[in-house]
Amino acid sequence: MAEAEAAKPTAGAGAFRIETVPDAHVERLKKSPFKRPLPRRKSFLERNPELREVILRTDAESNSLIDLQEDILRQFEEKGCAQVGVEIMDCG
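With our numbering applied, the sequence shown corresponds to residues 1035 to 1126, in that order.
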């Protein structure tokens, strides 16, 4: 708990806080983890230049999300709980 309190930033751009992932979410990840996108053939990307940027961006976003989910599962296995950094949004 002291780590979470020490990591409390002030609200604003780029500020994060630490939150514990609910056990129910971890259990859902265990039952049905997301799959990484299949590698795209270079020839496919070259034949579809209008889709190339979109495909590469969505693949990168998917891989980033899967990395986060794998980290949550690793933390849960090692410590019995998982924590993630959540960006504090200034909506005002």
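Idealized CB from N, CA, C, for every residue including glycine.
Keep in mind it's a predicted model, so treat the numbers as computed, not measured.
Item                                                                                                                                             : Value
Pick from E1061, V1060, I1122, E1087: whose alpha carbon is nearest that of K1076?                                                               : E1087
Under the assumption that L1079 contacts I1089 (Cβ atoms under 8 Å), give the Cβ distance between them as a whole number of angstroms.           : 7 Å
In its own chain, which residues sit with a C-beta less than 7 Å from the C-beta of G1119, not counting the 5 before and 5 after it?             : F1050, I1052
Can you list, in chain order, the stretches of the alpha helix (DSSP H) that have 4 or more residues and sit fully within the segment 1053-1094? : 1057-1065, 1076-1081
Could you round the C-beta distance between P1067 and S1096 to whole angstroms and report it? I think they count as a contact, below 8 Å.        : 12 Å between Cβ atoms; not a contact.
Quick check on A1116: buried or exposed, where buried means 16 or more other Cβ atoms within 10 Å of its Cβ?                                     : buried
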